[in-house]
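In my numbering, the protein residues as written are 3 to 124. Even for Gly, the Cβ is constructed at its ideal location relative to N, Cα and C. Down below is the structure, laid out as structure tokens.
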Amino acid sequence: MRLLTHNMLSSNIKGVTNGFPLRVEAEKVVEKAVEMNSEFLRNMFAKIDWKAFADASRAMGYAELPEEADSSMLESDEFLNRFHHALLELHLEEGALVCPETGRRFPVNKGIPNMLLHEDEV
């Protein structure tokens, strides 16, 4: 699972009022090379919750992103490369996503998050 996907997931357990961001518990992270597309990165930047994104990248062992970012940083090739790497090349292969409100763990196996709810959570 890429951090692009992580940044768009939230817990939808009944009664949860703030299920975003899911905390990442990484057991296995792999890197997969992807061709960089600067225009895609510039368009995605506005849709990313930066704090959640940067925290998740650190949880996956990548600490090269700044704590805060703004659109002016998109003019820097160094920033774009780091953003690209974290967003598209880091993959959570094994681990879990944890609801910030309930602590419910959603397993990630073979890169696929299992967000299915139990009957009492619907």
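Query: DSSP bridge partner residues for Asn9 (one or two, in chain order); Result: Answer is none; Asn9 lacks a bridge partner.
Query: Nearest-angstrom beta carbon gap, Glu121 and Ile15 [assumed within contact, 8 Å]; Result: With a Cβ gap of about 12 Å, Ile15 and Glu121 do not count as contacting.
Query: Ile50 versus Thr104: straight-line alpha-carbon distance, rounded; Result: 23 Å
Query: Helix, strand or coil at Glu41 [DSSP, three-state]; Result: helix
Query: Residue burial classification, Asn45 (beta-carbon count within 10 angstroms, cutoff 16); Result: exposed
Query: Bridge-paired residues (DSSP) for Ile114; Result: Asn111
Query: Candidates Gly113, Leu119, Leu118, Met117: closest to Met3 by CA position; Result: Gly113
Query: Closest Cα partner of Val18 within the set Pro102, His87, Met62; Result: Pro102
Query: Nearest candidate by alpha-carbon position, reference Asn9, set Ala56, Ser73, Asn39, Lys34; Result: Ala56
Query: Helix, strand or coil at His120 according to DSSP, with G and I counted as helix; Result: coil
Query: Reference Thr7; option with closest CA among Arg106, Leu119, Leu99, Arg107; Result: Leu99
Query: Separation of Glu66 from Arg84, as counted between CA atoms; Result: 7 Å
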